[in-house]
Each structure stands twice: as C-alpha cells, then as structure tokens.
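Undergrad:
Number of protein chains: 4
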Amino acid sequence: MNLDNTPLRIKELIGNKDRLVDLFGMEILECQEGSSSVGMLVKDSHLNAADICHGGTIFALSDVAFALASNSHGRIALALDVSISYTKPVCAGAYLTARCREMQRGKKIANYVIEVEDSEGDLVALLKATSFIKDKTHFEE
Amino acid sequence: MNLDNTPLRIKELIGNKDRLVDLFGMEILECQEGSSSVGMLVKDSHLNAADICHGGTIFALSDVAFALASNSHGRIALALDVSISYTKPVCAGAYLTARCREMQRGKKIANYVIEVEDSEGDLVALLKATSFIKDKTHFEE
Amino acid sequence: MNLDNTPLRIKELIGNKDRLVDLFGMEILECQEGSSSVGMLVKDSHLNAADICHGGTIFALSDVAFALASNSHGRIALALDVSISYTKPVCAGAYLTARCREMQRGKKIANYVIEVEDSEGDLVALLKATSFIKDKTHFEE
Amino acid sequence: MNLDNTPLRIKELIGNKDRLVDLFGMEILECQEGSSSVGMLVKDSHLNAADICHGGTIFALSDVAFALASNSHGRIALALDVSISYTKPVCAGAYLTARCREMQRGKKIANYVIEVEDSEGDLVALLKATSFIKDKTHFEE
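Just so you know, the sequences run in chain order U, D, X and Y. Basically the working numbering = 1-based index in the first sequence + 7. Basically the working numbering = 1-based index in the second sequence + 7. Basically the working numbering = 1-based index in the third sequence + 7. Basically the working numbering = 1-based index in the fourth sequence + 7.
(1) X:S159 versus chain U: which residues are under 7 Å apart at the beta carbon?
(2) Which value, in whole angstroms, describes the spacing of the CA atoms of Y:R112 and U:F139?
(3) Restricting to runs no shorter than 4 residues, where is the alpha helix (DSSP H) found entirely within the region 24 to 57 of chain D?
(4) How would you label X:S44, buried or exposed, when you count the other beta carbons within 10 angstroms and need 16 or more for buried?
(5) Strictly by DSSP, which residues pair up with U:D3?
(6) Give the interface partners of X:L30 over in chain Y, defined as CB-CB distance under 7 Å, in chain order.
(7) Measuring CB atoms only, is the region 60 to 76 of chain U touching the region 60 to 67 of chain D, in the sense that at least three cross pairs come out at less than 8 Å?
(8) Looking at D:R106 and D:E122, is the spacing between their C-beta atoms short of 8 Å?
(9) Can you look up X:K18 in the DSSP assignment and give me helix, strand or coil?
(10) For X:V123 and chain C, any beta-carbon pair shorter than 8 Å?
(11) Can you list, in chain order, the stretches of the beta strand (DSSP E) that have 3 or more residues and sit fully within the region 83 to 146 of chain Y?
(12) Determine, for D:L87, whether the minimum Cβ-Cβ distance to residues of chain Y falls below 8 Å.
(13) Buried or exposed: where does X:C98 fall if 16 or more other Cβ atoms within 10 Å of its Cβ makes it buried?
(14) What residue range is occupied by the uninterrupted alpha helix (DSSP H) comprising Y:S77?
(15) So Y:T172 packs on Y:S79, CB below 8 Å; how close in whole Å?
(16) Can you say whether X:N118 is buried or exposed, counting buried as having 16 or more other CB atoms within 10 angstroms of its CB?
(17) Skipping 5 residues on each side, what residues in its chain have a beta carbon closer than 7 Å to that of X:S77?
(18) I'd like to know whether the C-beta of U:N12 is nearer than 8 Å to at least one C-beta of chain D.
(19) What separation, rounded to the nearest whole angstrom, lies between the Cα atoms of U:S92 and D:L87?
(20) So U:N118 contacts chain Y; which residues on that side make the cut at Cβ distance below 7 Å?
(21) Of the residues Y:A136, Y:R82 and Y:P96, which one's Cα is nearest the Cα of Y:R108?
(22) Please confirm whether U:H61 has its beta-carbon closer than 8 Å to some beta-carbon of chain D.
(23) Against chain Y, with Cβ distances strictly below 8 Å, would D:T137 count as a contact?
(24) Who are the neighbours of Y:L20 on chain X, taking C-beta pairs under 7 Å?
(25) My guess is that Y:H145 and Y:L48 are in contact by the Cβ rule of under 8 Å, so how many angstroms apart are they, rounded?
(26) Does Y:T64 have its Cβ less than 8 Å from a Cβ in chain X?
(27) Looking only at its own chain, which residues have a Cβ that is under 6 Å from the Cβ of Y:E34, when we skip the five neighbours before and after it?
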C-alpha cells in the first residue's frame, strides 16, 4: 500500500459508494490525511416544513466530510458521537461547504471539528465528532 | 385555534411539507404534545460506503421526530443543538423507529431525548436535542 | 469476585477515592448495575460570577454519577464524550440529585443518560454520556 | 461604558467572583472580545478514583474559559449546551490551559470551541459550547 495514495483512494471509495452523496447531490472537493471538504447545492428537495434547509441535510453533508477525514488514513473508522450546533438558517439555492479537520488521533479514538459555510462565507453549522478506529484497513496491504 | 388539535395539524404539516420525509420514505407514526415517533425502512439508497446505514440517515429520521415533538405545541421551534451517539450498526432491510420525548420546556428553550430502535428493539442511536422556541405560531389564531 | 457485590465495591471505591466527591461535598446515594444517583447541597463556594450554581458544579456532580454507573459492572470505563444541556438556573441552598442510567452497553462502548433535579423535582440539567470500556477490571479476579 | 474596556472588566468580575476559580486554583490568563484562556495546575485534590485528573476538573476549567469569552462583549450570556470529548488522560502535576474562541455570534445565540492542552502541548479535551445572550448587560451603561 502506498500511504501517500490512501486519501485519494478513500475519496474514490466514498465518492463511488456512499449512497447519501448521490441522494443529496454532494461533491467531494478534497480528501487529505486528516482533512476533507464536501460541497452541495441546497435544492427544494432538501428543505424542511418551514421551507429552510433541513437540519438532516446539513448533518448528512457534514457526516460525509467526517467519514472522509476519519477514514483518510486507511483504517476503518466508525462514528461514535457527533454534536451539531446550527448557527444560521439556510435557504434553497445556497451552496454549502463542509470542512472537516482532525484535532487529535489516538490508537482507538480520534476527534474532529467540522465547519459548514454558505456561499457568503458565513458559518451555518459547527460540529464536533468522535470516531472509533478499527484494526481493519479498507484495502489489502 | 383548538389546542387539542394542534399536534395533529403539526403532524399533517410536517408530513406534507418536510422534504426529507419523502426523500427517505419516512412514516410519521405519531405526534402528541411533546412526543412523537417516526419510522422508516432502511434501503440500499440509505447506506454508506461500508454498506451499513449512513449516520446521516439515522440522524435525518431522528431530526424529523425532534421537529414533530418540538413544534407540537403550535409555536415555531428551531433546532439549536443536537448530539447523537451511535450504538449499533444497522443493515439494509431493517425498520427503524425514532421516538422523541420532551424532557423540559421553558419559554425560549426546550430539551428532548430521542431513541432510535431497530426491528429487534435494540437501541441503534441515542440523541439529546435542544430547540429555540420562537414567538410565532404555525397557525393563525 | 462475587458479581452481585461489584456495584457496592465500586460505590465504596469512588466514594473513598474520587477527590471531587470531597471537594464538592457530594453524597453517593446509590450504585447498582448500570445505574446510580449522587446528591449534593449547593453552597456559596459552588457559584459562578452571576451568583448562580456554576455549570462546572452541575457537571462534576453528573460526572460522578456517570463514573459510578459506567464502572458498576467491574470493568474500568473511561469517559469519551459527554454533552450537557442546562435547563434551569440553580441557587445556593438547593439540593441537587443526579441520576444516571445505562441506555446501552456493548463490548467496548456504553451510553448513558443523566438527569439532574433540584429539591422541587425540576430538571436542571440533562446529559448524554459515552464511555469506553477497558479490558481491565477494578478488582483482582 | 468604554467598549474597549469591557473584556478587562469581565476578566476582573469573573476572576473575583467565580467561586470555582478559587476552588480549583485557576489562573485567568487572558480575556479579549470573543476569546480567552485559563490555566491551572492539576493537584491531587483534582483527581478521580483512577488517580487521573477528573473529567469534572477539566470541564470546570473549560467552563470558566467559556464564561469569559461568551460574556466578554458585556452582555450577560448563559450556557445552554456544552459537549466535551476527552482525548488524553491527565496526571497530577500537569499544567492545563483552556483556550476558548468564538466561532459565531448572533443576537441571541453564540457558539464556541474550547481546546484544553497540557504542558506538552497535547490536546487533552475538545469542547463545543452554545450560549444564550440575554438583553441585560453586566455593567450600568
């Protein structure tokens, strides 16, 4: 396994196989060791009953960024705990970008911060996430 | 406004207008004052790259239950903070039920616990959620 | 090791060795398998600059309840993630009771809800907590 | 009221009146508009039953940093939700520094990230916190 290559392979794997990437029309913008960014255009089909972007939409976008960053080292990582704070309502037509960065990585547990911004650069959600790192890797070594 | 009628009207409003209810094929099972339950069948289109149910899917289901319970009194409530713990991996074919109950409700802030169970009655996710209660109501009085 | 005896031994261990139990004058009221309760009288020395009970005081009380319940099975458990929502301001003179119960317990991870009430039975804080279960036990077997 | 002077007055107010600052021997290192840092030496009286620094100790330190940053603009801010992830065990003798920075501030709600580091610069805890901003100010205008 070429280690330098791993984030790119994770980007392809999640880009091809993560079903919510398709369901929401997300674009995986970047995946490096311990960081990632994912974007999406908020459409009418992503809104809640108040006609603003659904909390579940913003979370799903953030969760894909979290999956990329937490799996970027090649070992399988599972989400344990995620906490989201909503900071600004989002309307249809906005383009959202979720950026995830690794704050700490141990043998079993790693922690991340995810910031979601709209087209104006305003923070619309802030997340803190914890993953459990399994012994298994994504790829045969 | 008939107060007794409000949870039913919220159930109809969210059932008709919440776009993620459609996107994920959720069923709104119940909405009463301060409580709710929502179900869905996990399909292939709801999975992540590891072929298990996406964290964003489970969150979206829970978030709809939260919206129902927190808006069930008729005043508009917005999500401020939600924290989710994942407790068991979920496969395609499972039927998930999210049950939300109000733990406390003040003038501006209310708090909820949401439990998500699979068909076997096992807990698959546990959430704690905080909403901000606006002065506006959903319906003309 | 007599398994039935374990919660009682954990209660003694934490009662004797947890330094914040002393620092805040907490009373360990109960410790059973997967549940616990801890009480304390809020004194002047536990207040913040606004003369209400410090968030850190309420958290510390809850954290001891969490430690009891999560270690009650005899295996060493460490706190990974804790989320607290404050629901009512608390004044000096109030007696607080934190009750913790286990919602789910796997091989490595377990999840808890903690409710903190004042003397009037009102909820003053609500917590969700995740622990990591180590292979080691507290007592020689 | 001299606005530039407000963070300094908040630093004095919390330094003088926050009772946990005394109880734990914290040092308020800095308070500016929307940011702060607080330090403390971990002593034997701050440990848990496993002889490592109590989760409640690390939370209390972080909570004071949060109080400083969230009140630094002069308006009274109350903690609504705080989520903590523990990332490294801390022993007696360590000097901890909690740094809080404002990520977003609206009319009613503001959000913060707090990082707690030990003497070696390792992250020992990561927090995300939400405050409710009251109309009242700390000082007569």
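By construction, the Cβ of each residue, glycine as well, lies at the ideal position given by its N, Cα and C atoms.
TA: Reading off the structure:
(1) Absent from the model: residue 159 of chain X. The displayed extent of chain X is 8 to 148, so no value can be given.
(2) Numbered from 1 along the fourth sequence, position 105 holds the residue referred to as residue 112 of chain Y. Numbered from 1 along the first sequence, position 132 holds the residue referred to as residue 139 of chain U. Those two C-alpha atoms are separated by around 32 Å.
(3) Counting only runs of 4 or more, we get 26 to 31.
(4) Taking the third sequence and counting its residues from 1, one reaches residue 44 of chain X at position 37. With 16 or more other Cβ atoms inside 10 Å of its own Cβ, X:S44 counts as buried.
(5) The question about residue 3 of chain U has no answer here: the residues shown for chain U are numbered 8 through 148.
(6) Working through the third sequence from its first residue, we reach residue 30 of chain X at position 23. The contact set of X:L30 on chain Y, defined by CB atoms closer than 7 Å, consists of L30 and S52 in chain order.
(7) Three or more pairs of CB atoms, one per stretch, sit closer than 8 Å, so the region 60 to 76 of chain U contacts the region 60 to 67 of chain D.
(8) The count along the second sequence starts at 1 and reaches residue 122 of chain D at position 115. The count along the second sequence starts at 1 and reaches residue 106 of chain D at position 99. For D:E122 and D:R106, yes; Cβs fall inside 8 Å.
(9) As a first step, residue 18 of chain X is located in the third sequence; it is residue number 11 there, counting from the start. Reduced to three states, the DSSP call for X:K18 is helix.
(10) Going by chain labels, chain C is absent from the structure shown, which instead holds the protein chains U, D, X and Y.
(11) Correct list: 102 to 112, 116 to 124 and 130 to 144.
(12) Numbered from 1 along the second sequence, position 80 holds the residue referred to as residue 87 of chain D. Yes, because at least one Cβ of chain Y sits closer than 8 Å to the Cβ of D:L87.
(13) For this step, residue 98 of chain X is matched to residue 91 along the third sequence. Counting the other CB atoms within 10 Å of its CB gives X:C98 a total below 16, which places it among the exposed residues.
(14) Walking along the fourth sequence from the start, residue 77 of chain Y turns up at place 70. Segment G62 to N78, the alpha helix (DSSP H) holding Y:S77.
(15) Outside the displayed range of chain Y (8 to 148) lies residue 172 of chain Y, so it cannot be described from this structure.
(16) Within the third sequence, the letter at position 111 stands for residue 118 of chain X. Around the Cβ of X:N118, a 10 Å sphere holds 16 or more other Cβ atoms; the residue is buried.
(17) Reading the third sequence from its first residue, position 70 is the one you call residue 77 of chain X. Non-local beta-carbon contacts of X:S77 in its own chain, meaning distances under 7 Å to residues more than five positions away in sequence, involve A84, A117, Y119 and S138 in chain order.
(18) For the purposes of this step, residue 12 of chain U is identified with residue 5 of the first sequence, where counting begins at 1. Cβ-Cβ to chain D under 8 Å: no for U:N12.
(19) Locating residue 92 of chain U in the first sequence gives position 85, where the first residue counts as 1. Locating residue 87 of chain D in the second sequence gives position 80, where the first residue counts as 1. C-alpha of U:S92 to C-alpha of D:L87: approximately 6 Å in a straight line.
(20) Here residue 118 of chain U refers to the residue found at position 111 when the first sequence is read from its first residue. Under a criterion of Cβ atoms nearer than 7 Å, the residues of chain Y adjacent to U:N118 are, in order, S92, T94 and L133.
(21) Walking along the fourth sequence from the start, residue 108 of chain Y turns up at place 101. When each option's Cα is compared against that of Y:R108, the closest is Y:A136.
(22) Counted from its first residue, the first sequence places residue 61 of chain U at position 54. For U:H61, the answer is yes, since a Cβ of chain D falls inside 8 Å of its Cβ.
(23) Your numbering for residue 137 of chain D matches position 130 in the second sequence. Any Cβ of chain Y closer than 8 Å to the Cβ of D:T137 would place that residue at the interface, and such an atom is present.
(24) As a first step, residue 20 of chain Y must be located in the fourth sequence, where it is residue number 13. Contact note: Y:L20 reaches chain X through A56, using a C-beta cutoff of 7 Å and chain order.
(25) In the fourth sequence, counting from the first residue as 1, residue 145 of chain Y sits at position 138. In the fourth sequence, counting from the first residue as 1, residue 48 of chain Y sits at position 41. Taking 8 Å as the upper bound for CB-CB distance, Y:H145 and Y:L48 are not in contact here, some 29 Å apart.
(26) As a position in the fourth sequence, residue 64 of chain Y is number 57, starting the count at 1. Chain X contact via Cβ: present.
(27) Your numbering for residue 34 of chain Y matches position 27 in the fourth sequence. In chain order, G46 place their CB closer than 6 Å to the CB of Y:E34, counting only its own chain and leaving out the 5 sequence neighbours on each side.
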